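Engineer: Below is one structure. I have some questions about it.
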Amino acid sequence: MLKLPGLIDPHVHLREPGATHKEDYDSGTASALAGGVTTVLAMPNTKPPIFDEVTLGEVLATAKTKARCDYAQYLGAGPDNAAEVARLAPTAAALKMYLDSTFGELRLDDMTLWMEHFRLWPGKTPIVTHSESRSMAAAIWMAQMFDKPIHIAHISLREEILLIKEAKRRGIKVTCEVCPHHLFLAENGIPLAPAGCFCCSDGLPGGRAEVRPRLAAKADVDALWENMAYIDCFATDHAPHTLGEKDSENPPPGFPGMETLLPLLLTAVSESRLTIDDIIQKSVINPRKIFKLPEQPETWVEVDEDARYEIRASEMHSRCGWTPFEGWQVKGRVTRVVLRGQEAYRDGKILAGPGFGQNVRA
Ligand code: DOR
Ligand code: ZN
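And the structure:
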């Protein structure tokens, strides 16, 4: 039995409020615990978005009664809320800025709007950007100008990791995260790991491969693995949409991810592509430092390292009912999670009730 600290997932979409048929604070935090994640940072691209005192107060009131693991809620950068979100910063996970096309209404195109946020955000926690390729370069430059820490969400391209590596070498305050789907899948959902099941070697059907940033070419995926040392965090970008929605004419982008995170990473450990220390650094130590999160006393995850099994959405707790890794053969199963001294998950059963989770910014 392997014992790990409780994982921190700095990037999840819990769909609360406005799309709770996909997920809510209850099902999303149940999914977290089943994956060995004991702290989630929830994104603000909800309906309505979380972008002021009222919407933040409402979602935190809901989270207080529903969350089963610990959490903090992001604020979203909008066209005219820079002063308000800066004032609310101590009560939020961090600030999220959407600079490229995504699900929801929070995209900012005009760089003068980015500037207001970089100017006013206090900077104890980073500005997290959804910024791809050249907009990522522009965002890093702006962070440097205003001397604020920036965290690049879900990097997927070779050019992105090489630019981040160069920026770090020059002492720029930039950190980044990578998602399992950008490490284990290429364009169209082609599996890039031995664990991938042979029936999906043609990729994922139709809208199921849709995600932003898009799944990239094998050369991009290889560059992420080669530069693992410059990647600060693993983040799932858990973005549940129902199977009906994914298979529709207008499939929304996004994959669920919290219940497949550790099995995929542990399988990579068993193949000597990662180490247990990589998992602890990138899923516990670095996110805690970057996002200034408190220690969780008496909290750990028990893993059966030798358990081999097949990933099945039907055994998961997310409300979305599917996974892009269906049928993958993995090695390493989460068997038990203890959160703040209490047994929160055991052998497929969620034992922490709604409301057990605490707001780490309260
Ligand atoms: O694929 C994605 N899904 N990318 C995003 O940026 C948003 C997310 C969602 O909320 O569904
Ligand atoms: Zn996201």
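Just add 375 to wherever you are in the sequence shown, counting from 1, and you've got our numbering. Positions of the beta carbon are idealized from the N, C-alpha and C atoms, including for glycine. Keep in mind the model is a prediction, meaning the values are calculated, not measured.
Return the Cβ separation of Glu507 and Asp475 in integer angstroms, given the expectation that the two are a contact with Cβ distance under 8 Å.
Structural biologist: Residue numbering aside, residue 507 sits at position 132 when the sequence shown is read from its first letter. Residue numbering aside, residue 475 sits at position 100 when the sequence shown is read from its first letter. Right, their Cβ atoms sit about 5 Å apart.
Engineer: If Arg708 sits next to Asp679, beta carbons under 8 Å apart, how far is it from one beta carbon to the other, in whole angstroms?
Structural biologist: In the sequence shown, residue 708 corresponds to position 333, counting from 1. In the sequence shown, residue 679 corresponds to position 304, counting from 1. Confirmed, about 5 Å.
Engineer: Is the beta carbon of Ala417 within less than 7 Å of some heavy atom of the ligand ZN?
Structural biologist: Indexing the sequence shown from 1 puts residue 417 at position 42. Result no, Cβ not under 7 Å from the ligand ZN.
Engineer: When the Cα of Pro380 is compared with those of Asp622, Glu670, Pro392, His557, which residue comes out closest?
Structural biologist: Residue mapping note: residue 380 aligns to position 5 of the sequence shown, counting from 1. Cα-wise, what sits closest to Pro380 is Glu670.
Engineer: Quick check on the burial criterion: 16 or more other C-beta atoms within 10 angstroms. Buried or exposed for Val549?
Structural biologist: The count along the sequence shown starts at 1 and reaches residue 549 at position 174. Result: buried.
Engineer: Under a three-way DSSP split, which group does Glu611 fall into?
Structural biologist: Here residue 611 refers to the residue found at position 236 of the sequence shown. The sequence given here places Thr at residue 611; Glu does not occur at that position. Coil.
Engineer: Over the uninterrupted beta strand (DSSP E) stretch that includes Gly707, give me the two end residues.
Structural biologist: What you label residue 707 is simply residue 332 of the sequence shown in a count that begins at 1. Gly707 -> beta strand (DSSP E) spans 704 to 714.
Engineer: Roughly how far, in whole angstroms, is the beta-carbon of Met633 from the beta-carbon of Val387, given that I think they are within contact range, below 8 Å?
Structural biologist: Numbered from 1 along the sequence shown, position 258 holds the residue referred to as residue 633. Numbered from 1 along the sequence shown, position 12 holds the residue referred to as residue 387. The pair is a contact, with the Cβ atoms about 7 Å apart (cut-off 8 Å).
Engineer: Could you check the C-alpha separation between Ile502 and Lys471 for me, to the nearest Å?
Structural biologist: The count along the sequence shown starts at 1 and reaches residue 502 at position 127. The count along the sequence shown starts at 1 and reaches residue 471 at position 96. Cα to Cα, Ile502 sits roughly 6 Å from Lys471.
Engineer: Is Ala643 a contact residue of the ligand ZN, with contact defined as CB to any heavy atom under 7 Å?
Structural biologist: On the sequence shown, position 268 is the one that residue 643 refers to. No, the beta carbon of Ala643 sits no closer than 7 Å to any heavy atom of the ligand ZN.
Engineer: In chain order, what residues of the same chain have a beta carbon less than 8 Å from the beta carbon of Trp675, not counting five sequence neighbours either side?
Structural biologist: For the purposes of this step, residue 675 is taken as residue 300 along the sequence shown, with counting starting at 1. Closer than 8 Å at the Cβ level, and outside the excluded window around Trp675, lie Lys378, Leu379, Pro380, Gly381, Val712, Val713.
Engineer: Please state whether DSSP places Asp484 in a helix, a strand or coil.
Structural biologist: Along the sequence shown, read from residue 1 onward, the residue named residue 484 stands at position 109. Correct three-state label for Asp484: coil.
Engineer: Please indicate yes or no: does the CB of Arg694 lie closer than 7 Å to some heavy atom of the ligand DOR?
Structural biologist: Here residue 694 is taken as the residue at index 319 of the sequence shown, counted from 1. The answer is no for Arg694.
Engineer: Taking only heavy atoms of the ligand ZN into account, decide whether any of them is closer than 7 Å to the Cβ of His386.
Structural biologist: Translated into positions along the sequence shown, residue 386 becomes position 11. The answer is yes for His386.
Engineer: Only counting the same chain, and skipping five residues up and downstream in sequence, which positions put a Cβ closer than 7 Å to that of Leu567?
Structural biologist: The count along the sequence shown starts at 1 and reaches residue 567 at position 192. Same-chain partners within the cutoff: Phe559, Leu560, Ala561, Lys593, Val596.
Engineer: Let me know the secondary structure DSSP gives Trp600 once reduced to three states.
Structural biologist: Counted from its first residue, the sequence shown places residue 600 at position 225. If DSSP states are grouped into helix, strand and coil, Trp600 belongs with the helices.
Engineer: Quick check: does the Cβ of Thr635 come within less than 7 Å of any heavy atom belonging to the ligand DOR?
Structural biologist: Your numbering for residue 635 matches position 260 in the sequence shown. For the ligand DOR, not one heavy atom lies less than 7 Å from the Cβ of Thr635.
Engineer: Counting Cβ pairs, one atom from each stretch, are 3 or more of them under 8 Å apart for the segment 631 to 650 and the segment 401 to 417?
Structural biologist: Verdict: yes, contact present.
Engineer: Return the CA-CA distance between Ala452 and Ile425, expressed in angstroms with no decimal places.
Structural biologist: The sequence position of residue 452 within the sequence shown is 77, counting from 1. The sequence position of residue 425 within the sequence shown is 50, counting from 1. Those two C-alpha atoms are separated by around 9 Å.
Engineer: What residues in its chain sit with their C-beta under 6 Å from that of Trp697, if we drop five residues either side in the sequence?
Structural biologist: For this step, residue 697 is matched to residue 322 along the sequence shown. If we look at Trp697 and ignore the five residues flanking it on each side, its Cβ neighbours are Leu618, Ala688.
Engineer: Looking at the structure shown, is Ile536 part of a helix, part of a strand, or coil, going by DSSP?
Structural biologist: For the purposes of this step, residue 536 is identified with residue 161 of the sequence shown, where counting begins at 1. It is helical.
Engineer: In angstroms, rounded to a whole number, what distance separates the CA positions of Glu391 and Glu718?
Structural biologist: Taking the first residue of the sequence shown as position 1, residue 391 is located at position 16. Taking the first residue of the sequence shown as position 1, residue 718 is located at position 343. Approximately 26 Å between the Cα atoms of the pair.
Engineer: Using CA atoms only, rank isn't needed, just tell me which of Asp445, Pro423, Ile383, Pro385 is closest to Tyr400.
Structural biologist: Taking the sequence shown and counting its residues from 1, one reaches residue 400 at position 25. The shortest C-alpha separation from Tyr400 is found at Asp445.
Engineer: Quick one: which unbroken beta strand (DSSP E) runs of 3-plus residues sit fully inside the segment 635 to 723? Chain order, please.
Structural biologist: The qualifying runs are 675 to 685, 704 to 714, 717 to 721.
Engineer: Give me the DSSP bridge partner(s) of Cys551.
Structural biologist: The count along the sequence shown starts at 1 and reaches residue 551 at position 176. Looking at the DSSP assignment, Cys551 forms a beta bridge with Ile527.
Engineer: Got a sec? Which residues, its chain only, sit under 6 Å from Ser645 by beta carbon, not counting five neighbours each side?
Structural biologist: Counting from one through the sequence shown, the residue named residue 645 turns up at place 270. Excluding residues within five positions, the ones whose Cβ falls inside 6 Å are Lys706.
Engineer: In the DSSP assignment, find the unbroken beta strand (DSSP E) run with Thr413 in it and report its ends.
Structural biologist: The residue given as residue 413 occupies position 38 in the sequence shown. Its beta strand (DSSP E) spans residues 412 to 417.
Engineer: Nearest to Ile665 by CA position, among Leu416, Gly393, Thr395, is which residue?
Structural biologist: As a first step, residue 665 is located in the sequence shown; it is residue number 290 there, counting from the start. Closest option to Ile665, Cα to Cα, is Leu416.
Engineer: Could you round the C-beta distance between Ala528 and His505 to whole angstroms and report it? I think they count as a contact, below 8 Å.
Structural biologist: Here residue 528 corresponds to residue number 153 of the sequence shown, with the count starting at 1. Here residue 505 corresponds to residue number 130 of the sequence shown, with the count starting at 1. Correct: roughly 5 Å between the Cβ atoms.
Engineer: How about Glu677 and Gly716: are their beta carbons less than 8 Å apart?
Structural biologist: Position 302 of the sequence shown, counted from the start, is the residue given in the question as residue 677. Position 341 of the sequence shown, counted from the start, is the residue given in the question as residue 716. Not closer than 8 Å, so no.
Engineer: Counting along the chain, where does the alpha helix (DSSP H) carrying Met376 start and finish?
Structural biologist: Here residue 376 is taken as the residue at index 1 of the sequence shown, counted from 1. Per DSSP, Met376 belongs to no alpha helix (DSSP H) and is neither H nor E.
Engineer: In chain order, what residues of the same chain lie with their CB nearer than 8 Å to the CB of Gly393, ignoring the 5 residues before and after it?
Structural biologist: The residue given as residue 393 occupies position 18 in the sequence shown. Excluding positions up to five away in sequence, the list reads Thr421, Lys422, Pro423.
Engineer: In three-state terms, what does DSSP make of Lys606?
Structural biologist: By one-based count along the sequence shown, residue 606 stands at place 231. This sequence places Ile at residue 606; Lys is not what is there. Coil at Ile606, not helix or strand.
Engineer: Mapping DSSP to helix, strand and coil, what is Val735?
Structural biologist: Locating residue 735 in the sequence shown gives position 360, where the first residue counts as 1. If DSSP states are grouped into helix, strand and coil, Val735 belongs with coil.
Engineer: May I ask you to check if the CB of Ala514 is nearer than 7 Å to at least one heavy atom of the ligand ZN?
Structural biologist: The residue you call residue 514 lines up with position 139 of the sequence shown. Checking the Cβ of Ala514 against the ligand ZN gives no.
Engineer: Express the C-alpha separation of Gly730 and Ala438 in angstroms, rounding to a whole number.
Structural biologist: Translated into the one-based positions of the sequence shown, residue 438 becomes position 63. Translated into the one-based positions of the sequence shown, residue 730 becomes position 355. Approximately 7 Å, taken between the alpha carbons.
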